[in-house]
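K.L.:
The structure is given below, and queries will be raised subsequently.
In this note's numbering, the protein residues as written are 848 to 1134.
In structure tokens form, the structure reads like this:
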């Protein structure tokens, strides 16, 4: 039994060593060259982390895990930074005092942001994000429709009489008669859309009209419309993972806002704006 345990420990250690070696080898892999200087995966990975491109946030641990085109763009960015740095050193370039001030301001801003991030309750944010997702994103009805746009009520009525007699020719009539330029190629097709994507007047008619039915002419700010509703379906909400970052940003912005309000309240603050030097409302000087 003891021998088996020892063998298992040796095997585990061997697997870990092989894995670490493989990872190290991948990191040391040459991914580009500047003249005779090799550029490794590890160098580019460190560059990406410094400029905060978000690669690590998306679950990618290395540039090697990204698509080739993305890799190429990031490598070019790294090479550009190295070439510029080399040229600055060669020419002994000195930044202006203004740049130094901006660098210091940027540094202070980054430190402040990191401090504010430390005030965010990550676990509570995750929990709250899921609650908001369930409340905000639900199964929604979608309408698939086409439309014809007319300049006047009279013109719309004339077109309506044509499509009612020949409903199967709606797309062709739209190409010939619609004032919407895109109708010339798509026959007035709008595809599927949800509530909130069209103007309220258009949306109401489209969602109130039964499938395989043509609406009567109605007016919006764009003109007079005739809508043909082809189909209706219930569309599932987006996956939580696809909207999670957006919701978390909202929650974190709210948490930081609340923290800042409390910070202001805890201090005695007086703000006295200075009168503008060029006061446009000032009385003209007397001659």
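Cβ atoms here follow ideal geometry from the backbone N, Cα and C, with glycine treated the same way.
What residue ranges within the segment 874-938 form continuous beta strand (DSSP E) runs of no fewer than 3 residues, ordered along the chain?
P.N.:
With a minimum length of 3 residues, the continuous beta strand (DSSP E) runs that stay inside the segment 874-938 are 877-881 and 884-887.
K.L.:
Looking only at its chain, what residues have a beta carbon closer than 6 Å to the beta carbon of residue 904, apart from the 5 residues adjacent to it on each side?
P.N.:
On the chain shown, residue 904 is found 57 positions in, with the first residue counted as 1. Its pLDDT being 43, under 50, residue 904 is placed unreliably by the model, and the measurement read from it follows with that caveat. So the list is empty, once near-sequence residues are dropped.
K.L.:
Round the Cβ separation of residue 886 and residue 921 to the nearest angstrom and send it over; I've been treating them as touching at under 8 Å.
P.N.:
Along the chain shown, read from residue 1 onward, the residue named residue 886 stands at position 39. Along the chain shown, read from residue 1 onward, the residue named residue 921 stands at position 74. Residue 886 to residue 921, Cβ: 11 Å. No contact.
K.L.:
Would you please state the rounded distance, in angstroms, between the beta carbons of residue 976 and residue 1070? I believe it to be under 8 Å.
P.N.:
Counting from 1 along the chain shown, the entry for residue 976 is found at position 129. Counting from 1 along the chain shown, the entry for residue 1070 is found at position 223. 42 Å between Cβ atoms; not a contact.
K.L.:
Are the Cβ atoms of residue 1014 and residue 1073 separated by less than 7 Å?
P.N.:
On the chain shown, residue 1014 is found 167 positions in, with the first residue counted as 1. On the chain shown, residue 1073 is found 226 positions in, with the first residue counted as 1. Cβ distance not < 7 Å, so residue 1014 and residue 1073 don't count as in contact.
K.L.:
Quick test of the definition: if touching needs 3 or more C-beta pairs under 8 Å, does the segment 1083-1095 touch the segment 953-962?
P.N.:
no
K.L.:
Do you know whose CA, among 1116, 1082, 880 and 1083, lies nearest residue 929's CA?
P.N.:
Taking the first residue of the chain shown as position 1, residue 929 is located at position 82. It is 880.
K.L.:
How would you label residue 935, buried or exposed, when you count the other beta carbons within 10 angstroms and need 16 or more for buried?
P.N.:
Residue numbering aside, residue 935 sits at position 88 when the chain shown is read from its first letter. The residue in question, residue 935, is exposed, as its Cβ has fewer than 16 Cβ neighbours within 10 Å.
K.L.:
Which two residues bound the contiguous beta strand (DSSP E) that contains residue 1067?
P.N.:
The residue labelled residue 1067 in the question sits at position 220 within the chain shown. Element bounds for residue 1067: 1065-1067.
K.L.:
Rank 883, 910 and 882 by C-alpha distance to the C-alpha of residue 890 and give the top, closest one.
P.N.:
Locating residue 890 in the chain shown gives position 43, counting from the first residue. If we check each option's Cα against that of residue 890, 910 comes out closest.
K.L.:
Report yes or no: do three or more beta-carbon pairs, one from the segment 1096-1112 and one from the segment 1002-1018, lie closer than 8 Å?
P.N.:
no
K.L.:
When the Cα of residue 919 is compared with those of 947, 943, 974 and 878, which residue comes out closest?
P.N.:
Position 72 of the chain shown holds residue 919. Checking every option, the nearest Cα to that of residue 919 belongs to 878.
K.L.:
In the DSSP assignment, find the alpha helix (DSSP H) that holds residue 1087 and state where it starts and stops.
P.N.:
Indexing the chain shown from 1 puts residue 1087 at position 240. Start and end: 1087-1112.
K.L.:
Output the distance between the C-alpha atoms of residue 1106 and residue 932, rounded to the nearest integer angstrom.
P.N.:
On the chain shown, position 259 is the one that residue 1106 refers to. On the chain shown, position 85 is the one that residue 932 refers to. Cα to Cα, residue 1106 sits roughly 40 Å from residue 932.
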